[in-house]
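Asks: Residue numbers (UniProt numbering): 1 to 327.
Provided herewith is a single structure, encoded as structure tokens, for subsequent inquiry.
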Amino acid sequence: MQERPPKKEPSVREERSLEGLMSCHSISEENVRWLPNGFVLNNEWTIQSLVRKNSYSQEYSGKNLKSDKPVSIRLTRAKRHQHSWLAMDIGVSSKMTGKEHFATIYDFGHHGNYHYVVGEQIGPTLAELCKENPKKRFSETTVFLIGIDMIEAIRSLHQNGFLHRNIRPSNFVVGSRSRTVRKLYIRNFGTCRAYCTDDGEVYPPRTTTHFHGDHVYSSADCLRRRECGRKDDFWSVLYIMIKMAVGHLPWESVVDPIQMAEMKETIANEQLLNGCPQEMDIIRRHVSSLNYYSCPDYSGMIEVLDEGLLRRGANRQSKLDWELSND
């Protein structure tokens, strides 16, 4: 049984949500909701607007009944084959709660046919923010700042013994308040896997595995169902940065995963990084040098992006594209 995170009584003195960011990704179709507006979970959490959904989960805005503090509530269908996925998601979320780049978890449990997780209110996903950008891509400064946050988040996860294995834009969100709207939070830990012992010894790779993740952002090795390592999370980071920088990836129209893996293995660097800043090729070369057992140079990759910011007259405090659009 998973240990619950300590209760954190919400404060009514928290800053108000940034309504512009929060309203831009709400869903209006009431007929697709699993639970109605005003429904109360565990005598403590009121469900409000449906924010986003997919085939297996729905996310709502909500509030604490006692304090009115806004929260995020995620519902997942309680299907038997998903129990291990849900246990991993709750286990990692509970272990990482409140750490930098990880949302605080207040409560979790089940109601009827659904599992629920209640956490601090979050804003749009990286995928939603990019889609809402008129150019469908971000400035180099924003791409570098996103990259730094992604590397920091994944480093923390790796240091706690887990691979994510499903790094993609929809699994990063920004905060919902003025003091957190600049920060990326990593989420959705159901596909995580422990890759090392408590002493840090890396487990030997399995000969074959099931695929986990998004074909577009997964590494070629993962697409071929080889054991994922720390390097594979960073292939996904690189692909996200390319997508955010130029608006597309060369293999997005490819359907067959093996054909997609072959394209990722054989594509010329000039074609892969066409239109991208040179700093991303430095990161590509580093990730290419890693094997299953290698420890990525997290600090070195962050340093490359920090230096890239300075060369463009920017820094860690420079405004992100979605901040500029809300000015």
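We put the beta carbon where it would ideally sit given N, CA and C, even for glycine.
(1) Who are the near neighbours of residue 117 in its chain, counting only those whose CB is closer than 6 angstroms to its CB and skipping five residues on each side?
(2) Quick check on residue 113: does DSSP put it in helix, strand or coil?
(3) Given this structure, state the Cα-to-Cα distance separating residue 217 from residue 32, to the nearest angstrom.
(4) To the nearest angstrom, how far is it from the Cα of residue 235 to the Cα of residue 303?
(5) Restricting to Cα atoms, I'd like to know which of 230, 250, 200 is closest to residue 263.
(6) Compute the Euclidean distance between the alpha carbons of residue 86 and residue 161, then round it to the nearest angstrom.
(7) Please list the terminal residues of the continuous beta strand (DSSP E) segment that includes residue 201.
(8) Thinking C-alpha only, which one of 62, 237, 288, 231 is nearest residue 168?
(9) So residue 260 and residue 210 are supposed to be a Cβ contact under 8 angstroms. How far apart are they, rounded?
(10) Between the beta-carbon of residue 275 and the beta-carbon of residue 314, is there less than 8 angstroms?
(11) Considering only the alpha carbon of each residue, which of 223, 196, 201, 202 lies closest to residue 208?
(12) Considering only DSSP beta bridges, list what residue 235 is partnered with.
(13) Where DSSP assigns a beta bridge to residue 122, which residues make up the other side?
(14) Touch check for the segment 125–134 and the segment 293–303: three-plus C-beta pairs under 8 angstroms?
(15) Please list, in chain order, all residues of the same chain as residue 284 whose beta carbon is under 8 angstroms from its beta carbon, the five residues on each side excluded.
(16) Tell me whether the beta-carbon of residue 111 lies closer than 8 angstroms to the beta-carbon of residue 157.
(17) Per DSSP, what kind of secondary structure is residue 298 in: helix, strand or coil?
(18) Which residue or residues does DSSP assign as beta-bridge partners of residue 72?
(19) Once the 5 residues before and after residue 9 are set aside, which same chain residues still bring their CB inside 6 angstroms of it?
(20) In this structure, does DSSP put residue 144 in helix, strand or coil?
(21) Which class does residue 155 belong to by DSSP, given the choice of helix, strand or coil?
(22) Helix or strand or just coil, what does DSSP make of residue 23?
(23) According to DSSP, residue 185 sits in a beta bridge with which residue or residues?
(24) Assuming the contact rule is C-beta atoms closer than 8 angstroms, residue 163 and residue 230 should be a hit. Round their C-beta distance to whole Å, please.
(25) Should residue 265 be labelled buried (16 or more other beta-carbon atoms within 10 Å of its own) or exposed?
(26) Could you have a look at residue 304 and say whether DSSP puts it in helix, strand or coil?
(27) First and last residue of the beta strand (DSSP E) that includes residue 48?
(28) Per DSSP, which residues does residue 40 bridge with? Please list them.
(29) Any idea which residues DSSP pairs residue 163 with across the strands?
(30) For residue 288, which of 88, 233, 34 has the nearest alpha-carbon?
(31) Taking C-alpha atoms, which residue in 120, 77, 202 lies nearest to residue 389?
Replies: With the structure as the only source:
(1) Excluding five sequence positions before and after residue 117, the CB atoms of its chain that fall closer than 6 angstroms to its own CB belong to 74, 108, given in chain order.
(2) Look at residue 113 here: in three-state DSSP terms it is coil, with no helix or strand label.
(3) About 28 angstroms.
(4) Going by the C-alpha atoms only, they are around 18 angstroms apart.
(5) Ranking 230, 250, 200 by Cα distance to residue 263 puts 250 first.
(6) Between the C-alpha atoms of residue 86 and residue 161 there is a straight-line separation of about 18 angstroms.
(7) Neither: residue 201 is in no beta strand (DSSP E) and is coded neither H nor E.
(8) The closest CA to that of residue 168, considering only 62, 237, 288, 231, is found on 237.
(9) Rounded, the Cβ-Cβ distance is 17 angstroms, inconsistent with contact.
(10) No, they are not a contact pair.
(11) It is 223.
(12) None, per the DSSP bridge assignment.
(13) Per DSSP, 175.
(14) Taking one beta carbon from each stretch, the segment 125–134 and the segment 293–303 have fewer than 3 pairs nearer than 8 angstroms; the two do not touch.
(15) Correct list, in chain order: 238, 269, 272, 273.
(16) Cβ atoms of residue 111 and residue 157: not closer than 8 angstroms.
(17) Looking at residue 298 - three-state DSSP - the assignment turns out to be helix.
(18) 61, 119.
(19) Residue placement at residue 9 cannot be trusted, given a pLDDT of 43 that sits under 50; what the coordinates show is reported in the next sentence. Listed in chain order, the non-local C-beta contacts of residue 9 below 6 angstroms within the same chain number zero, local neighbours out to five positions each way being set aside.
(20) If DSSP states are grouped into helix, strand and coil, residue 144 belongs with the helices.
(21) Here residue 155 sits in helix by DSSP.
(22) Residue placement at residue 23 is poorly supported in this model, since its pLDDT is 49, which falls under 50; the coordinates are not used for a value here.
(23) The partner list for residue 185 (beta bridge, DSSP) reads 173.
(24) The pair is a contact, with the Cβ atoms about 6 angstroms apart (cut-off 8 angstroms).
(25) The residue is exposed, with fewer than 16 neighbouring Cβ atoms inside 10 Å.
(26) Three-state result, residue 304: helix.
(27) Looking at the DSSP string, the run of the beta strand (DSSP E) that includes residue 48 is 45–53.
(28) Paired residue(s): 46.
(29) Partner(s): 193.
(30) For residue 288, the nearest C-alpha among the options comes from 233.
(31) With the chain covering only 1 through 327, there is no way to say anything about residue 389.
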